[in-house]
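Please read the structure below before turning to the comments.
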Amino acid sequence: MNNNPSLVGGACIIASVCVGAGMLGLPSAGAGAWTTWSLITITFTMIMMTLSGWMLLEAFKRYDLKVSFNTVTKDILGDNVNRINNLAVYFVGGILLYAYITSSGLILEGVLGINNKITSVLFVAVFSLFVWHSTRAVDRISIVLIAFMVLSFVFGVSGLAVNIDTSVLFDRINEESNYAPYAMAMLPVALTSFGYHHSVASMRSYYGCEHRAKYAILGGTVIALCLYFLWMASIYGNLPRSNFGPVIAQGGNVEVLLAALGSVID
């Protein structure tokens with residue numbers, strides 16, 4: 459029996475790390491650059507972030523498979539840089555955990571009718587079991603979650619996708635053609651949309667080699683890129699560029715974006 463971890467499972471782990479609530483901010487962040495330049499920017503970002511993950515794998519090559527990000531950073535860059543790096547990683551990890559735990563607690567509160575503090579604890583307890591058990595368990599649950607996410611995403615945007623107006627999608631109704639300078643404003647959001655690098659060491663340990671981990675990373679970032687493409691094209695193909703002003707003025711919140719979409723869709 460072949461017990462080698464599947465590349466699909468690893469790709470789903472990377473994709474599930476990349477894709478999150480941050481993708482909801484992509485349309486507002488790319489509104490100035492609009493469709494073509496936004497897609498160019500996010501594709502360029504995906505390539506750079508994939509290559510940077512591969513470079514991390516290259517840096518890990520001469521270390522034991524179980525080595526941590528902390529050990530490699532300390533060995534290569536020294537104690538002082540390692541402390542700064544650890545603080546940055548812990549900060550980002552803590553913020554993400556807080557965001558997902560509280561959001562999931564609020565969602566489950568509406569479904570189960572239980573206090574959100576209790577549902578947050580239950581959420582952590584259930585999914586911690588998979589992490590505690592093994593990376594293989596995370597692999598399996600990631601495939602299931604990605605499948606449900608893709609299905610719910612497709613059902614959610616299918617109504618928008620089938621009504622895409624190419625004149626709106628490529629902003630033909632606007633005489634302005636100065637899109638490229640706005641692409642830079644999208645980079646911070648695009649970069650966070652491919653932030654999986656804290657999982658590189660785990661992928662290497664999971665597969666037992668850099669070669670398979672490399673392709674799992676590529677698969678995961680490609681899945682994320684495809685989802686982002688569909689999401690942004692669905693928004694830009696329905697909501698004219700000129701209508702993004704009020705959305706951005708109110709912080710680009712998804713509620714405001716959906717309200718703006720509702721005003722232009724019959």
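Counting from 459, one number per residue, gives the positions in the sequence shown under this note's numbering.
Beta carbons: idealized from backbone N, C-alpha and C, even for Gly.
Relative to the C-alpha of residue i, which residue among the options is closest?
{"i": "residue 576", "options": "668, 492, 561", "result": "561"}
{"i": "residue 469", "options": "603, 708, 582, 650", "result": "603"}
{"i": "residue 627", "options": "700, 553, 501", "result": "700"}
{"i": "residue 585", "options": "599, 540, 572", "result": "599"}
{"i": "residue 523", "options": "683, 704, 664", "result": "664"}
{"i": "residue 501", "options": "647, 655, 554, 520", "result": "647"}
{"i": "residue 472", "options": "706, 668, 660", "result": "660"}
{"i": "residue 464", "options": "706, 597, 605", "result": "597"}
{"i": "residue 558", "options": "574, 606, 546", "result": "574"}
Spatial neighbours of residue i within its chain, please: C-beta separation below 6 Å, excluding the five flanking residues on both sides.
{"i": "residue 640", "result": "490, 491"}
{"i": "residue 683", "result": "504"}
In whole angstroms, what separates the C-alpha of residue i from that of residue j?
{"i": "residue 486", "j": "residue 651", "result": "14 Å"}
{"i": "residue 459", "j": "residue 529", "result": "Only weak support is given to the placement of residue 459: the predicted model assigns it a pLDDT of 41, under 50, and the value that follows is read from those uncertain coordinates. Distance between the alpha carbons of residue 459 and residue 529 is about 35 Å."}
{"i": "residue 543", "j": "residue 531", "result": "8 Å"}
{"i": "residue 556", "j": "residue 548", "result": "12 Å"}
{"i": "residue 709", "j": "residue 702", "result": "11 Å"}
{"i": "residue 494", "j": "residue 649", "result": "18 Å"}
{"i": "residue 670", "j": "residue 662", "result": "8 Å"}
{"i": "residue 474", "j": "residue 674", "result": "12 Å"}
{"i": "residue 498", "j": "residue 693", "result": "16 Å"}
{"i": "residue 550", "j": "residue 613", "result": "31 Å"}
{"i": "residue 704", "j": "residue 594", "result": "46 Å"}
{"i": "residue 541", "j": "residue 587", "result": "29 Å"}
{"i": "residue 667", "j": "residue 608", "result": "29 Å"}
{"i": "residue 526", "j": "residue 519", "result": "12 Å"}
{"i": "residue 462", "j": "residue 592", "result": "14 Å"}
{"i": "residue 554", "j": "residue 638", "result": "31 Å"}
{"i": "residue 571", "j": "residue 521", "result": "49 Å"}
{"i": "residue 654", "j": "residue 537", "result": "24 Å"}
{"i": "residue 545", "j": "residue 635", "result": "43 Å"}
{"i": "residue 629", "j": "residue 496", "result": "13 Å"}
{"i": "residue 552", "j": "residue 477", "result": "17 Å"}
Who are the near neighbours of residue i in its chain, counting only those whose CB is closer than 7 Å to its CB and skipping five residues on each side?
{"i": "residue 643", "result": "487, 490"}
{"i": "residue 601", "result": "466, 467, 470"}
{"i": "residue 672", "result": "512, 515"}
{"i": "residue 589", "result": "596"}
{"i": "residue 606", "result": "none"}
{"i": "residue 611", "result": "685"}
Skipping 5 residues on each side, what residues in its chain have a beta carbon closer than 8 Å to that of residue i?
{"i": "residue 455", "result": "This structure cannot settle anything about residue 455, because the visible part of the chain is limited to 459 through 724."}
{"i": "residue 696", "result": "618, 621, 622, 623, 626, 719, 722, 723"}
{"i": "residue 631", "result": "625, 698"}
{"i": "residue 517", "result": "530, 534"}
{"i": "residue 657", "result": "471, 472, 475"}
{"i": "residue 707", "result": "none"}
{"i": "residue 645", "result": "499, 503"}
- Assess, as a yes-or-no matter, whether the region 476-487 is touched by the region 685-696 under the definition of 3 or more beta carbon pairs within less than 8 Å. Cβ pair count under 8 Å is three or more, so yes.
- Message: Count Cβ pairs between the region 503-513 and the region 676-687 that sit closer than 8 Å; are there 3 or more?
- Response: Judged by Cβ distances under 8 Å, the region 503-513 makes contact with the region 676-687, as three or more pairs qualify.
- Query: Would you call the region 548-566 and the region 579-588 touching, i.e. three or more CB-CB distances under 8 Å?
  - Reply: Yes, they touch.
- Is the region 513-524 close to the region 709-720, with three or more CB pairs under 8 Å? No: fewer than three Cβ pairs fall under 8 Å.
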